[in-house]
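Just so we're aligned: 85 in full-length UniProt numbering is position 85 of the sequence shown, and the numbers increase by one with no gaps anywhere.
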Amino acid sequence: MENISIANTRSGAPVVCNESMDYYYLSTTNRTDLNCTPQSELYFYADLYVVLPVIYSVICAVGLTGNTAVIYVILKAPKMKTVTNMFILNLAIADDLFTLVLPINIAEHLLHYWPFGEVLCKVILSIDHYNIFSSIYFLTVMSVDRYLVVLATVRSKRMPYRTYRAAKIVSLCVWILVILIVMPFTVFAGVYISPDDSDRKSCVLSFPSPESLWFKASRIYTLILGFAIPVSTICILYTMMLYKLRNMRLNSNAKALDKAKK
Numbered sequence: 001m002e003n004i005s006i007a008n009t010r011s012g013a014p015v016v017c018n019e020s021m022d023y024y025y026l027s028t029t030n031r032t033d034l035n036c037t038p039q040s041e042l043y044f045y046a047d048l049y050v051v052l053p054v055i056y057s058v059i060c061a062v063g064l065t066g067n068t069a070v071i072y073v074i075l076k077a078p079k080m081k082t083v084t085n086m087f088i089l090n091l092a093i094a095d096d097l098f099t100l101v102l103p104i105n106i107a108e109h110l111l112h113y114w115p116f117g118e119v120l121c122k123v124i125l126s127i128d129h130y131n132i133f134s135s136i137y138f139l140t141v142m143s144v145d146r147y148l149v150v151l152a153t154v155r156s157k158r159m160p161y162r163t164y165r166a167a168k169i170v171s172l173c174v175w176i177l178v179i180l181i182v183m184p185f186t187v188f189a190g191v192y193i194s195p196d197d198s199d200r201k202s203c204v205l206s207f208p209s210p211e212s213l214w215f216k217a218s219r220i221y222t223l224i225l226g227f228a229i230p231v232s233t234i235c236i237l238y239t240m241m242l243y244k245l246r247n248m249r250l251n252s253n254a255k256a257l258d259k260a261k262k
């Protein structure tokens, strides 16, 4: 790939152009363009090349230490084995999986290509998506659990079905659901080899033709299943919780006022 320095016709500032491949989400249809970048931006990218691995390393160290500590405490301390902590445990496991693959992402960033093969590519991209979907779905499950607790409190009813064993079963069901949701990303994940340079490999989602349609479908798929449904569920449940707690407080105040009048 050859760099060509030219002058900007408006400001006179030098820019660097290179001939590179532009592809739509690393699809099978490629085109070659002349991409020009101002030198100031090149300095920015050089700084980013150093800063990003440092940030990733800090996140990896802090995240791995913190989440592992949470997992250890919940599993070892008998008093910590509650329904809520079971869901927190699964959140910590999902985050731990994500932090474990960060060193591989750092290596790819530094090398500017993917050297780890197709199998590991599928594993890494799958884990990235497992973290996204499992986190939001366990937060949703925790919202459902909170709502049921509030509902039982308002109605002064016990919850015999809310047990640690039941929380384990629910957690297993969530993981199975997440695996099914992520399955398409696992299938389409693969190593893309540049036709201009056989050493230039990337771990990407490579869609069949028509690529643009598949790309839009994947964005909509992620938006609906990874954001719209779980987030709207959480918002609705917490709104209903606030409504019921407010009514309970108003009823308590009304009863206290009646007693005061008597």
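For each residue, glycine too, the CB sits at the ideal point set by N, CA and C.
By Cβ distance below 7 Å, which residues in the same chain neighbour residue i in space, the five residues on each side in sequence not counted?
| i | result |
| --- | --- |
| I104 | F116, I124 |
| V170 | V141 |
| M80 | V73, I74 |
| I234 | L139, T140, S143 |
On the criterion of 16 or more Cβ atoms from any shown chain inside 10 Å, does residue i qualify as buried, or is it exposed?
| i | result |
| --- | --- |
| S27 | Caution is warranted here: a pLDDT of 44 is assigned to S27, below 50, making its placement in the model unreliable, and the coordinate value is therefore given only provisionally. The residue is buried, with at least 16 neighbouring Cβ atoms inside 10 Å. |
| V178 | buried |
| I93 | buried |
| I176 | exposed |
| D199 | exposed |
| K201 | buried |
| S134 | buried |
| L91 | buried |
| N89 | Residue identity differs from the one stated: residue 89 is Leu in this sequence, not Asn. Per the 10 Å Cβ criterion, buried. |
| C203 | buried |
| V174 | buried |
| V70 | buried |
| R246 | exposed |
| A61 | exposed |
| Y192 | buried |
Mind checking which residues open and close the beta strand (DSSP E) that includes residue i?
| i | result |
| --- | --- |
| Y192 | 189-193 |
| K216 | No beta strand (DSSP E) holds K216; the alpha helix (DSSP H) holding it covers 211-223. |
| S202 | 201-205 |
Tell me where the alpha helix (DSSP H) around residue i begins and ends.
| i | result |
| --- | --- |
| L139 | 117-154 |
| M86 | 83-111 |
Beta-carbon within less than 6 Å of residue i's beta-carbon, same chain only, minus the 5 sequence neighbours each way: which residues are those?
| i | result |
| --- | --- |
| Y25 | The predicted position of Y25 is uncertain, since its pLDDT is 46 and thus under 50; a value taken from the coordinates is nonetheless stated next. Excluding sequence neighbours, Y25 sits near F215. |
| A167 | V83, M86 |
| Y113 | R200, K201 |
| Y243 | none |
| A152 | M159 |
| V54 | none |
| G12 | Note that G12 scores 45 on pLDDT, short of 50, meaning its location in the model is unreliable and no value can be drawn from it. |
| K76 | none |
Comparing C-alpha positions only, which one of the options sits nearest to residue i?
| i | options | result |
| --- | --- | --- |
| I132 | Y238, M159, F227 | F227 |
| T186 | V62, L91, Y130 | Y130 |
| T65 | D96, D128, N247 | D96 |
| I236 | P208, V58, Y49, Y147 | Y147 |
| I59 | L48, R219, E108, L100 | L100 |
| K122 | I224, T239, I220, L205 | L205 |
Give me, in chain order, the residues of the same chain whose beta-carbon lies closer than 8 Å to that of residue i; leave out the 5 immediate sequence neighbours on both sides.
| i | result |
| --- | --- |
| residue 316 | Since the first residue shown for the chain is 1 and the last is 262, residue 316 is missing from the structure and cannot be characterised. |
| residue 311 | Outside the shown range of the chain (1 to 262) lies residue 311, about which nothing can therefore be said. |
| residue 280 | Any answer about residue 280 is impossible in this case: the structure gives the chain only from 1 up to 262. |
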